[in-house]
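Contents: one structure, followed by commentary.
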Amino acid sequence: MTALLEVKNLTKAFVGLVAVNDVSFSLQAGRITALIGPNGAGKTTCFNLVAGALRPTAGQVLFEGCSLEREPPEAVCRMGIARTFQIVRPMKDMSVLENAMVGAFSWTTNVKEARDKAYESLENVGLAGKANARTDQLTLPDRKMLEMAKALSTRPKLLLLDEVMAGLRPTEAAGVVGVLHRLAESGLTILLVEHVMRIVMEVASTVVVLHHGVKIAEGKPSEVVADPAVLESYLGAGFHA
Amino acid sequence: MQRTSDQASDTKRWGAGALVFAALAMVGGMSNAYVISLLTIVLLFTFLGQSWNLMLGIGGQLSIGHALFVGIGAYAVAILNIKYGVTPWIGLLLGAVIAGFVGAVLAWLSFRFEVRGIYFALLTIAAAEFARIMFGGWDYVGGMQGLFYQAPSGTMDLGMLRGDARFYYFVALALAAIGVAGTELISRSYWGYVWRAMRDDDEAARALGVRTFRHKVLVVSISAATAAIGGGVLGLVQGAIFPDSIMGMAISVDVLIGPVVGGLGTAFGPLVGSMAAIPLHHAMGALGDSLGLPGLNSVAYGAVLILVVWFLPDGIWPAIVRLYGAIQLPARGRISQLRKAEE
Numbered sequence: 008m009t010a011l012l013e014v015k016n017l018t019k020a021f022v023g024l025v026a027v028n029d030v031s032f033s034l035q036a037g038r039i040t041a042l043i044g045p046n047g048a049g050k051t052t053c054f055n056l057v058a059g060a061l062r063p064t065a066g067q068v069l070f071e072g073c074s075l076e077r078e079p080p081e082a083v084c085r086m087g088i089a090r091t092f093q094i095v096r097p098m099k100d101m102s103v104l105e106n107a108m109v110g111a112f113s114w115t116t117n118v119k120e121a122r123d124k125a126y127e128s129l130e131n132v133g134l135a136g137k138a139n140a141r142t143d144q145l146t147l148p149d150r151k152m153l154e155m156a157k158a159l160s161t162r163p164k165l166l167l168l169d170e171v172m173a174g175l176r177p178t179e180a181a182g183v184v185g186v187l188h189r190l191a192e193s194g195l196t197i198l199l200v201e202h203v204m205r206i207v208m209e210v211a212s213t214v215v216v217l218h219h220g221v222k223i224a225e226g227k228p229s230e231v232v233a234d235p236a237v238l239e240s241y242l243g244a245g246f247h248a
Numbered sequence: 005m006q007r008t009s010d011q012a013s014d015t016k017r018w019g020a021g022a023l024v025f026a027a028l029a030m031v032g033g034m035s036n037a038y039v040i041s042l043l044t045i046v047l048l049f050t051f052l053g054q055s056w057n058l059m060l061g062i063g064g065q066l067s068i069g070h071a072l073f074v075g076i077g078a079y080a081v082a083i084l085n086i087k088y089g090v091t092p093w094i095g096l097l098l099g100a101v102i103a104g105f106v107g108a109v110l111a112w113l114s115f116r117f118e119v120r121g122i123y124f125a126l127l128t129i130a131a132a133e134f135a136r137i138m139f140g141g142w143d144y145v146g147g148m149q150g151l152f153y154q155a156p157s158g159t160m161d162l163g164m165l166r167g168d169a170r171f172y173y174f175v176a177l178a179l180a181a182i183g184v185a186g187t188e189l190i191s192r193s194y195w196g197y198v199w200r201a202m203r204d205d206d207e208a209a210r211a212l213g214v215r216t217f218r219h220k221v222l223v224v225s226i227s228a229a230t231a232a233i234g235g236g237v238l239g240l241v242q243g244a245i246f247p248d249s250i251m252g253m254a255i256s257v258d259v260l261i262g263p264v265v266g267g268l269g270t271a272f273g274p275l276v277g278s279m280a281a282i283p284l285h286h287a288m289g290a291l292g293d294s295l296g297l298p299g300l301n302s303v304a305y306g307a308v309l310i311l312v313v314w315f316l317p318d319g320i321w322p323a324i325v326r327l328y329g330a331i332q333l334p335a336r337g338r339i340s341q342l343r344k345a346e347e
């Protein structure tokens, strides 16, 4: 099995704080990998390093063998990595369809082609019926889905999802889980940063656990939840399963 | 089904635009000299407003120094024509190229060093004021005394862009039509989509692969080039250009008042805004003169701006569209109820 993305000894130091410390992991093509950890573990920093929004202090991010830790976000996107934002960011004066079209312009300048791709992305996440709506008419789950549709329009090989389930009710989250499974089956590789453990257990084939910026575990979800170091980080020292 | 309704509203919009401009052409054929000269200015500032609107309303970059580009265009046409007898067509082209280049350099330097938003706007004022003072002290271009075109002979000459007031009215009308149609076409093109995306959220646009740096430079450059074309014609219409008037702050304000009052980012807004604001400006100027109250026109400008920003923050044109929609919707609802009743 080939690794689509390899993170090698990634370190990010902010003034007085090492947010990500010597973290290495790799993403297998066509799989869903989850990056989890308690608050302040460095998940989002790690995510932003991969997406090109932050520059690492040390270490490497290799995508299909190309180094991308010096690339700006737009170049990272054009290489085939699309991301969503934890706090949804629709383009507020553009319709749902137009929002979904923007991503397609990373690989085409043809408006019709972009529109077709946008409809396809919206269909993929179940938003096709609201294509002409304004973004402020969407519910929160729909806005989260729009973030995914925008990212899908860029024709990514790797999709980075930052807490896409946060703030959703269980039934709404179940809908997202369905979408993620469908996307993975179509061959897309997905990395999700997630808080909600139950969902991670359901969708991820591999879980990487961070704590205080350090990777403390990696493996199948069932293995990881039984790992004493993981239990300790989530529940505090002295807890035994 | 949604796509066909898009097409239907497209046809409607273009039809409505064609009707408006046909009506304006008829006005040009019938009206007296005063109305013609006033409307010529309105239409020229519709075009200039479109240029400014492209930059802020679609590209999200604020300029308060558009007089710089207007002035470059006016001087390019005037210098070539008055000093060398070259046709204004060449001057318009050259002015657009120079202004486009100046705009690109200004934007490149500014965005390269992270000077953005309101700080970029301040830089545009500084650049315009710098150019105004430079041209005022430059003897070759007439300094503060400016440049004068030969009085028009009254015979129409399309090749030299000379003619009577009615001729310039139709030149301005053509420019305004190009401005409105061009805005409509651009905002629905590849450029329009990525510009609006970066206007709404720069970081999110970059995450979707939009190279916002080059697109910002591009939108400023195109806006500058089109402003120069409007400026070149404005100089011809006025018959003379002076650095204080063609490159002054007043021009920068006149350029932005149409789109701000009419509706930012819309194709019709600058036309509607200019139609509302410029005649009011002139009428208040005349009233002020007869009452011995100079400056009444500027007070009126300020009052209109405050009222529009207060009551119609997206401008007059979007308010008209909303009102039209509000009348249409209940009517459609009644018709569908009637149909149901029939069944």
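If you read the sequences in order, they're chains A and B.
Position in the first sequence (first residue = 1) + 7 = our numbering.
Position in the second sequence (first residue = 1) + 4 = our numbering.
Just so you know, even glycine gets a beta-carbon here, dropped at the ideal spot from N, CA and C.
Check, Outcome
"Residues within the stretch 190-214 of chain B neighbouring chain A, beta-carbon criterion of under 8 Å", "192, 193, 194, 197, 198, 200, 201, 203, 204, 205, 207, 208, 209, 210, 211, 212, 213, 214"
"Whether residue 103(B) touches residue 254(B) by CB criterion (8 Å)", "no"
"is_contact[residue 128(A), chain B] using C-beta, thresh 8 Å", "no"
"7 Å Cβ cut-off: residues of chain B touching residue 170(A)", "Going along chain B, no residue has its Cβ under 7 Å from residue 170(A), so there is no contact; the nearest lies around 15 Å."
"Endpoints, the alpha helix (DSSP H) within which residue 122(A) is located", "118-131"
"Option nearest residue 143(A) by Cα separation, candidates 99(A), 33(A), 193(A)", "99(A)"
"Contact set between residue 99(A) and chain B, taken where Cβ atoms lie within less than 9 Å", "204, 205"
"Partners in chain B for residue 150(A), counting only beta-carbon separations shorter than 7 Å", "Those within 7 Å of residue 150(A) in chain B number zero; the least Cβ separation is about 12 Å."
"Check whether residue 158(A) and residue 41(A) have beta carbons under 8 Å apart", "no"
"Selection of the stretch 62-96 of chain A by Cβ proximity to chain B, strictly under 9 Å", "79, 80, 81, 82, 83, 84, 85, 89, 90, 91, 92, 96"
"Top-ranked residue by Cα proximity to residue 184(A), from 163(A), 161(A), 64(A), 208(A)", "208(A)"
"Where the alpha helix (DSSP H) containing residue 81(A) begins and where it ends", "80-86"
"Against chain B: residues of the stretch 103-119 of chain A by CB proximity under 7 Å", "105, 108, 109, 110, 112, 113, 116, 118"
"Proximity to residue 193(B) [Cα-Cα], best of 198(A), 89(A), 122(A)", "122(A)"
"Alpha-carbon to alpha-carbon, residue 51(A) and residue 43(A)", "10 Å"
"Residue interval of the alpha helix (DSSP H) (run including residue 226(B))", "216-242"
"For residue 286(B), the first and last residue of its enclosing alpha helix (DSSP H)", "273-295"
"Beta-carbon proximity of residue 266(B) to residue 276(B), cut-off 8 Å", "yes"
"Cβ-based burial, residue 200(A) [other Cβ within 10 Å; buried from 16]", "buried"
"Test: residue 52(A) CB closer than 8 Å to a CB of chain B", "no"
"Terminal residues of the beta strand (DSSP E) in which residue 13(A) lies", "10-21"
"Euclidean distance between Cα positions of residue 114(B) and residue 308(B)", "32 Å"
"Rounded straight-line distance, which links the Cα of residue 168(B) to that of residue 154(A)", "57 Å"
"Cα-Cα separation, residue 248(A) to residue 231(A)", "Any reading at residue 248(A) must be qualified, since the residue scores a pLDDT of 45, below 50, and its modelled position is unreliable; no value is offered."
"Cross-strand partners of residue 197(A) (DSSP beta bridge)", "39(A), 166(A)"
"Secondary structure of residue 34(A), DSSP reduced to three states", "strand"
"Residue 10(A) vs residue 35(A) beta-carbon contact at 8 Å", "yes"
"Identified DSSP bridge partners for residue 99(A)", "None, per the DSSP bridge assignment."
"Meets three-Cβ-pair contact criterion under 8 Å: the stretch 40-57 of chain B and the stretch 113-128 of chain B", "no"
"Rounded C-alpha distance that separates residue 102(A) from residue 325(B)", "17 Å"
"The stretch 162-177 of chain B / the stretch 69-83 of chain A touching (three or more Cβ pairs under 8 Å)", "no"
"Within-8 Å CB hit, residue 137(A) to chain B", "no"
"Three-pair Cβ contact test at 8 Å for the stretch 191-208 of chain B versus the stretch 31-51 of chain B", "no"
"Residue 101(B) versus 79(B), 87(B), 122(B), residue with shortest Cα-Cα distance", "79(B)"
"Start and end residues, alpha helix (DSSP H) containing residue 189(B)", "169-191"
"Which of helix, strand or coil DSSP assigns to residue 229(A)", "helix"
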